[in-house]
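Participant:
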Amino acid sequence: MFEGQSNTCGIRLGEMVSTRLPESLQQDVGPDLGRYRVLEITHTVDDKGLYANTFKGVAGATETLPLPENVTPPTAFPELATVIDNADPENLGRVRVRFLWQNSDQNSNWIRVQTPDAGTSGVIEKNRGLFFIPEIDDQVMVAFEQGDPARPYVAGSLFHQGNSGGMAPDNNLKSITTRSGHTIEFDDTDGAEKINIRDNGGSVITFDTKEKSLLIQSVENIDISAKNIRLSAQEKVSIGAQQNVEIAAEADVNTLAKGNVTTQSDGDTTLAAKGALTAEATADATIKGQNVTIEGKVAADLIGMQTSVQGQMTAVQGASGKVEVM
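Okay, so the sequence shown: first residue is 4 according to the numbering used here, each after it adds one.
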């Protein structure tokens with residue numbers, strides 16, 4: 004803090020003044036002492052009518068003025084507010100709020116929002132952590148960094164009588180629900196523990212702890228896409244549909260079993276191939292039907308070490324009425 008004296012009556016608080024030494028001292032250090040901003044000034048007039056003043060100031064380039072010794076800076080305490088805007092123009096996740104003491108046409112500046120985890124990583128450049136921005140009309144608690152009224156931040160949101168549905172019995176349910184109704188629910192009910200993930204359209208994924216099962220339900224479609232997909236079960240895999248089941252591949256379809264393979268239908272069963280069709284067994288092969296027809300558009304061959312054709316009536320015919328037995 005610089006202190007000086009002068010007889011210039013035009014000095015006022017807050018103004019810049021240029022200072023210099025008395026002429027008797029200028030020969031040692033030079034006349035100019037610099038420019039100062041006046042913070043205190045005392046005016047005096049003696050009994051002879053001569054004016055003088057003493058003043059205190061700081062260097063003119065000072066950006067932050069020192070607080071007077073007898074002045075305590077204001078301290079801000081947490082208080083309630085309502086979110087009125089969350090469309091941060093700088094896309095930093097901030098909100099604007101209206102405090103209870105503000106009029107309907109007043110609001111705060113953009114305020115940061117506290118979250119349990121926030122930052123970046125070598126993989127995620129932005130929004131690593133828990134990213135939830137309060138919605139418009141949410142009630143929030145605003146705190147202040149080091150009690151500084153100029154440094155507010157949203158410390159959290161609060162339920163109140165108008166938006167709280169209360170807790171489940173024994174506080175068994177914990178949930179995260181978005182604006183449109185998407186929900187992650189944790190159910191700690193003794194003997195019925197589960198996790199539910201629901202969307203607002205009715206689809207749900209359930210992790211059933213008691214049954215040790217995973218249930219996936221969709222109102223419409225379930226699509227699974229990957230480079231490779233493998234379904235594996237220690238016991239049984241069941242595929243069922245109330246209408247059709249279709250298996251298609253642009254390359255090969257292979258069905259393998261170490262035990263038996265059974266294909267059964269209440270209607271017709273058709274095997275069709277644009278290329279060759281081969282059925283082979285290392286043991287016996289049996290074809291049964293009410294009527295059995297074997298037809299070749301060019302030729303039909305029955306070949307065996309021993310070949311028997313039997314029936315209560317047996318007819319062998321050729322197109323010209325000629326039959327050759329060799």
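We treat Cβ as the ideally placed atom computed from N, Cα and C, and that holds for glycine.
Find the nearest neighbour of Arg101 within the set Thr85, Ala282, Ile14 and Trp113, judged by alpha-carbon distance.
Facilitator: Position 98 of the sequence shown, counting from 1, holds the residue named residue 101. Comparing Cα positions, the closest option is Thr85.
Participant: Using the Cβ count rule (16 or more neighbours within 10 Å means buried), how would you classify Asp140?
Facilitator: Translated into the one-based positions of the sequence shown, residue 140 becomes position 137. Answer is exposed; the Cβ neighbour count stays below 16.
Participant: Please determine, among Val41, Arg40 and Ala55, the residue with the shortest C-alpha to C-alpha distance to Thr47.
Facilitator: Along the sequence shown, read from residue 1 onward, the residue named residue 47 stands at position 44. The shortest C-alpha separation from Thr47 is found at Ala55.
Participant: Check whether the segment 63 to 70 and the segment 92 to 112 touch, using three or more Cβ-Cβ pairs below 8 Å as the test.
Facilitator: no
Participant: Quick one: any contact between the segment 121 to 128 and the segment 141 to 152, if contact means 3 or more CB pairs under 8 Å?
Facilitator: These segments do not touch.
Participant: Determine the extent of the beta strand (DSSP E) in which Lys177 is found, giving its start and end residues.
Facilitator: As a first step, residue 177 must be located in the sequence shown, where it is residue number 174. First-last of the beta strand (DSSP E) with Lys177: Leu176 to Thr180.
Participant: With Arg99 as the anchor, note down where its beta strand (DSSP E) starts and where it stops.
Facilitator: Position 96 of the sequence shown, counting from 1, holds the residue named residue 99. Per DSSP, Arg99 belongs to the beta strand (DSSP E) from Arg99 to Phe102.
Participant: Comparing C-alpha positions only, which one of Gly169, His163, Gly194 and Ile208 sits nearest to His185?
Facilitator: Locating residue 185 in the sequence shown gives position 182, counting from the first residue. Considering only alpha carbons, the answer is Ile208.
Participant: If the criterion is Cβ atoms closer than 8 Å, does the pair Lys42 and Gly60 meet it?
Facilitator: Within the sequence shown, numbered from 1, the residue matching residue 42 stands at position 39. Within the sequence shown, numbered from 1, the residue matching residue 60 stands at position 57. Looking at the sequence provided, one finds Leu at residue 42 rather than Lys. For Leu42 and Gly60, yes; Cβs fall inside 8 Å.
Participant: Measuring straight from C-alpha to C-alpha, what distance separates Asn263 and Ser235?
Facilitator: Taking the first residue of the sequence shown as 1, we reach residue 263 at position 260. Taking the first residue of the sequence shown as 1, we reach residue 235 at position 232. Here the C-alpha atom of Asn263 lies approximately 19 Å from the C-alpha atom of Ser235.
Participant: Using only alpha-carbon positions, find the residue among Glu214, Thr192 and Pro81 that is nearest to Val157.
Facilitator: Mapped onto the sequence shown, residue 157 falls at position 154. Nearest neighbour of Val157 by Cα position, chosen from Glu214, Thr192 and Pro81, turns out to be Pro81.
Participant: Classify Pro155 as helix, strand or coil using the three-state DSSP reduction.
Facilitator: Position 152 of the sequence shown, counted from the start, is the residue given in the question as residue 155. Strand at Pro155.
Participant: Under 7 Å Cβ to Cβ from Thr317, same chain only, skipping five residues before and after it: list those, please.
Facilitator: On the sequence shown, residue 317 is found 314 positions in, with the first residue counted as 1. Within the same chain, Thr317 has no close Cβ partners at all.
Participant: Would a C-beta distance cut-off of 8 Å place Ser167 and Pro137 closer than the cut-off?
Facilitator: As a working note, residue 167 is residue 164 in the sequence shown. As a working note, residue 137 is residue 134 in the sequence shown. Going by C-beta atoms, Ser167 is not nearer than 8 Å to Pro137.
Participant: List the endpoints of the continuous beta strand (DSSP E) containing Glu238.
Facilitator: Here residue 238 refers to the residue found at position 235 of the sequence shown. From DSSP, Glu238 is part of no beta strand (DSSP E); its letter is neither H nor E.
Participant: How would you call Ile250, buried or exposed, if buried means at least 16 neighbouring beta carbons within 10 angstroms?
Facilitator: The residue given as residue 250 occupies position 247 in the sequence shown. So Ile250 counts as exposed.
Participant: Using alpha carbons as the reference points, say which of Ala252, Val240 and Arg154 lies closest to Gln117.
Facilitator: The count along the sequence shown starts at 1 and reaches residue 117 at position 114. It is Arg154 whose Cα lies nearest to the Cα of Gln117.
Participant: Looking at the structure shown, is Glu66 part of a helix, part of a strand, or coil, going by DSSP?
Facilitator: Residue 66 sits at position 63 when you count from the first residue of the sequence shown. DSSP, reduced to helix, strand and coil, places Glu66 outside both helices and strands of the structure shown, so it counts as coil.
Participant: Is it right to say Phe134 is buried, meaning 16 or more other beta carbons lie within 10 angstroms of its own, or is it exposed?
Facilitator: In the sequence shown, residue 134 corresponds to position 131, counting from 1. Phe134 should be labelled exposed.
Participant: Unbroken alpha helix (DSSP H) runs of length 4 or more, entirely within the segment 236 to 296: which are they?
Facilitator: none
Participant: Give every residue of the same chain whose Cβ lies closer than 6 Å to the Cβ of Thr57, excluding the five residues on either side of it in the sequence, and list them in chain order.
Facilitator: Residue 57 sits at position 54 when you count from the first residue of the sequence shown. Taking Thr57 as the centre and dropping the five residues before and after it, the same chain places the C-beta of Gln8 and Thr45 closer than 6 Å to its C-beta, in chain order.
Participant: DSSP three-state label for Gln309, please.
Facilitator: Residue mapping note: residue 309 aligns to position 306 of the sequence shown, counting from 1. Correct three-state label for Gln309: coil.
Participant: Does Gly150 come out as helix, strand or coil in the three-state DSSP assignment?
Facilitator: Here residue 150 corresponds to residue number 147 of the sequence shown, with the count starting at 1. Here Gly150 sits in helix by DSSP.
Participant: Taking Glu196 and Thr212 to be in contact with their CB atoms under 8 Å, please state how far apart those CB atoms are, rounded to whole angstroms.
Facilitator: If you number the sequence shown from 1, residue 196 lands on position 193. If you number the sequence shown from 1, residue 212 lands on position 209. Contact holds; Cβ gap of about 4 Å.
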